[in-house]
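Asks: Here it is, the structure in full.
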């Protein structure tokens, strides 16, 4: 069975378990996840035994060639077409997922009798399998290779943006569709801003270089960070780097199926706090990666999730000394039964 | 006054006119429009005389350096922080814009007494001025130059994706941040799919080449399409191309302030219908361009908008002969008092 047709079947099984007759799916990320057709403008309705898609006329031919296992129809108003189909089949319990809807569309579904039911597609996205894992692995390898090739050219005078662009080019040359987010290249004090916007700042002798980057390959995002020193590192940089590296290693070691996500955060956080830098670790330890660069689960002090085999997450503690430098080290890892696979291993 | 500080003032004037005490702004596109700080994760509250932003601690330093004219504060829960501020100032009529909200966040604002009021920021975005026009012009120039440079290399055997990637590289080399959408390169029958996904298909002798592309420069999107024939054009291609070109030219000529958007659509549509190809023009004539590649106003048979000076729109009629070829010709234009400026003029 086609990979996407299987996903639709998996969703239908979830609907049956939840005693839902049909689910409306409208956000492009989720419709592409179910069909492989990543185009805006169509809306799906999945019942326990059928799957429909409603779209403008100009998408129909393309949709049918990509997703022949879905019953596609063109229409003037996709929202009304969904409601008509629900009525035609007399579905009593039709639902939409509140976490993926826009306010206006969600209001429309609710006014037309649809229930709010969350988590169906999220639960399918949470555990990566088969082709998804292949794409994630490849996405991370492409990033690692680009980093290896860019390092020799990190010379005094280069701008942050030029490094970002070269990384993008290197990753695209290896088949990536593009960067998985606005790449964060921070030189010197810029490295102390966790979400720095790469700028025309030039690399000077003897300063920190933080590179947080990744690509989209086969639809899947990679995410990794390395921090070096350009020139002769100060004792303080070496100390901070060693603390972050050890905290990150301990965090990665804590990742395995059955462990609470917040324990991974606690492992990194405690290590950094014990080393005296607790107040400078000003963000969570990690997040899921997949179709989106930030997705479930989250790994921070408040996380309620338990890690499961097949989840892909980042482990990325950091220490940020404002106005001076910051160090963050990040890997994307795949959760396994007895540990994890580091996907961004150099 | 800073460009963004002026925008906030303009918004405050709109709030005063509408007798609204304060507006919640949460979507990244709109918060970046107001502050120049294009990072996810912060939420703004704009009153008639003040402007606040609430964010995680790790964004605060960066935010303050980019948008010092906003009162920024870090907090654990940005949504609750907004509501607290509304209560603290006893704003009776606080509102949110339903068209830019997610379902869950919109529900939260509504449950906490905020009113739905649409169109404030949309009306500011609709009319381009000053630096926005400069960025749009440059964005379109970069696209035009890339096209000029890619044409000599459109040879038999090249893939659609290789053309897309080279266009992206050429535009980035000229300062573009990236492509403004998934560039549509369609060879032969692929050109007959208006929203074709560029593929590994190789260019053959004697077939159509459709290139629909643009970039993001200074935050602003360009959008243009050209269709050629690789080899010796058939009589039918020449005929269809001439019809589309004439329809597009007539559409552009119809653009000026005070004209109904649907009249531009009707101009193109009537021309193509009179030439006998009405049923093959299967989409609207155009859309606004700006921070988003598709934004207000729309130019189709149902458009209610009247064009105003400072709007930027596309004019892009097409004829699609399924399984054979398609022709689309598109320019981005800036609406003027007595006509329009073609931004993507070759």
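Residue numbers (my numbering), protein chains in the order written: chain A, 56 to 401; chain B, 56 to 401. We put the beta carbon where it would ideally sit given N, CA and C, even for glycine.
What does the Cβ neighbour count give for residue 246 of chain A, buried or exposed, with the cut at 16 atoms within 10 Å?
Replies: Classification of residue 246 of chain A: buried, given that the 10 Å Cβ count is 16 or more.
Asks: Pick helix, strand or coil for residue 249 of chain B, following the three-state DSSP scheme.
Replies: Coil.
Asks: With 9 Å set as the bound, which would you pick, yes or no: does the beta-carbon of residue 371 of chain A sit closer than that to a beta-carbon of chain B?
Replies: Cβ-Cβ to chain B under 9 Å: no for residue 371 of chain A.
Asks: Which residue marks the beginning of the beta strand (DSSP E) containing residue 395 of chain B, and which one marks its end?
Replies: Start and end: 394–397.
Asks: Which value, in whole angstroms, describes the spacing of the CA atoms of residue 66 of chain A and residue 179 of chain A?
Replies: Approximately 8 Å between the Cα atoms of the pair.
Asks: Is the CB-CB distance between residue 151 of chain B and residue 130 of chain B below 9 Å?
Replies: Taking 9 Å as the Cβ cut-off, residue 151 of chain B and residue 130 of chain B do not qualify as a contacting pair.
Asks: Could you tell me the distance, in whole angstroms, from the CA atom of residue 312 of chain B to the CA atom of residue 202 of chain B?
Replies: Roughly 30 Å between the two C-alpha positions.
Asks: Three or more C-beta pairs under 8 Å: does that hold for the stretch 222–233 of chain B against the stretch 256–264 of chain B?
Replies: No contact exists between the stretch 222–233 of chain B and the stretch 256–264 of chain B.
Asks: Measuring alpha carbon to alpha carbon, tell me which residue in B:209, B:354, B:230 is nearest residue 310 of chain B.
Replies: The shortest C-alpha separation from residue 310 of chain B is found at B:354.
Asks: State the start and end residues of the unbroken beta strand (DSSP E) segment that holds residue 83 of chain B.
Replies: It is not in any beta strand (DSSP E) - residue 83 of chain B instead sits in the alpha helix (DSSP H) that spans 83–90.
Asks: Would residue 402 of chain B pass as a contact of residue 181 of chain B if the rule is Cβ separation under 9 Å?
Replies: The requested residue 402 of chain B does not occur in the structure, where chain B is confined to residues 56 to 401.
Asks: So what's residue 273 of chain B in DSSP terms, helix, strand or just coil?
Replies: Correct three-state label for residue 273 of chain B: coil.
Asks: Considering residue 189 of chain A, what are the terminal residues of the beta strand (DSSP E) in which it resides?
Replies: From DSSP, residue 189 of chain A is part of no beta strand (DSSP E) but of the alpha helix (DSSP H) over 186–205.
Asks: Pair every Cβ in the stretch 382–395 of chain B with every Cβ in the stretch 356–371 of chain B, then say whether three or more of these pairs are closer than 8 Å.
Replies: The stretch 382–395 of chain B is in contact with the stretch 356–371 of chain B.
Asks: Cutting at 7 Å between CB atoms, please list the residues of its own chain near residue 192 of chain A, excluding the five before and the five after it.
Replies: So the list reads 398, once near-sequence residues are dropped.
Asks: Can you list, in chain order, the stretches of the alpha helix (DSSP H) that have 4 or more residues and sit fully within the stretch 144–170 of chain A?
Replies: Listed in chain order, they are 158–166.
Asks: What residues from the stretch 374–389 of chain A come within 7 Å of chain B, judged by C-beta to C-beta, listed N to C?
Replies: Within the stretch 374–389 of chain A, the qualifying residues are 377.
Asks: With respect to the beta strand (DSSP E) encompassing residue 436 of chain A, which residues constitute its N-terminal and C-terminal limits?
Replies: No statement about residue 436 of chain A is possible, as the shown extent of chain A runs from 56 to 401 and does not include it.
Asks: Which two residues bound the contiguous alpha helix (DSSP H) that contains residue 419 of chain B?
Replies: The requested residue 419 of chain B does not occur in the structure, where chain B is confined to residues 56 to 401.
Asks: Kindly indicate the opening and closing residues of the beta strand (DSSP E) around residue 366 of chain B.
Replies: Unbroken run through residue 366 of chain B: none, as it is neither H nor E.
Asks: Is the CB of residue 156 of chain B under 9 Å away from at least one CB in chain A?
Replies: Closer than 9 Å to some Cβ of chain A, the Cβ of residue 156 of chain B qualifies, so yes.
Asks: For residue 222 of chain A, would you say it is in contact with chain B, using Cβ-to-Cβ distances shorter than 9 Å as the test?
Replies: Not an interface residue.
Asks: Check whether the Cβ atoms of residue 155 of chain A and residue 84 of chain A lie closer than 9 Å to each other.
Replies: Closer than 9 Å, so yes.
Asks: Going by DSSP, what residues sit across from residue 344 of chain B in a beta bridge?
Replies: Residue 344 of chain B is not bridged to any residue.
Asks: Check whether the stretch 132–144 of chain A and the stretch 90–107 of chain A touch, using three or more Cβ-Cβ pairs below 8 Å as the test.
Replies: Counting Cβ pairs under 8 Å, three or more are found: they touch.
Asks: Sort B:149, B:102, B:288, B:165 by Cα distance to residue 126 of chain B and report the nearest one.
Replies: Here the closest residue by C-alpha is B:102.
Asks: Quick test of the definition: if touching needs 3 or more C-beta pairs under 8 Å, does the stretch 318–326 of chain B touch the stretch 339–352 of chain B?
Replies: The stretch 318–326 of chain B vs the stretch 339–352 of chain B: in contact.
Asks: Report the three-state DSSP secondary structure of residue 381 of chain A (helix, strand or coil).
Replies: The answer is strand: DSSP assigns residue 381 of chain A an E or B state.
Asks: Any Cβ of chain A within less than 9 Å of the Cβ of residue 94 of chain B?
Replies: Yes, contact with chain A.
Asks: State the Cα-Cα distance for the pair residue 144 of chain A and residue 76 of chain A, rounded to the nearest angstrom.
Replies: Answer to the nearest angstrom: the Cα atoms are 10 Å apart.
Asks: Considering only their Cβ atoms, is the gap separating residue 238 of chain B from residue 381 of chain B smaller than 9 Å?
Replies: In this structure, residue 238 of chain B does not lie closer than 9 Å to residue 381 of chain B by Cβ.
Asks: Please go through the same chain and pick out, in chain order, the residues whose beta-carbon is closer than 8 Å to the beta-carbon of residue 58 of chain A, but skip the five residues on each side of it.
Replies: Contacts found: 91, 185, 186.
Asks: Residue 378 of chain B and residue 244 of chain B - do their beta-carbons sit closer together than 9 Å?
Replies: Closer than 9 Å, so yes.
Asks: Within the same chain, show all residues whose beta-carbon is closer than 8 Å to that of residue 356 of chain A, passing over the 5 residues directly before and after it, in chain order.
Replies: So the list reads 317, 320, 321, 324, 339, once near-sequence residues are dropped.
Asks: For the candidate residues B:269, B:346, B:250, B:315, whose alpha-carbon lies nearest to that of residue 112 of chain A?
Replies: Taking only the C-alpha atoms, the option nearest residue 112 of chain A is B:250.
Asks: Check for me: the beta strand (DSSP E) holding residue 101 of chain B runs from which residue to which?
Replies: Taken as a continuous stretch (DSSP letters only), the beta strand (DSSP E) holding residue 101 of chain B covers 98–102.
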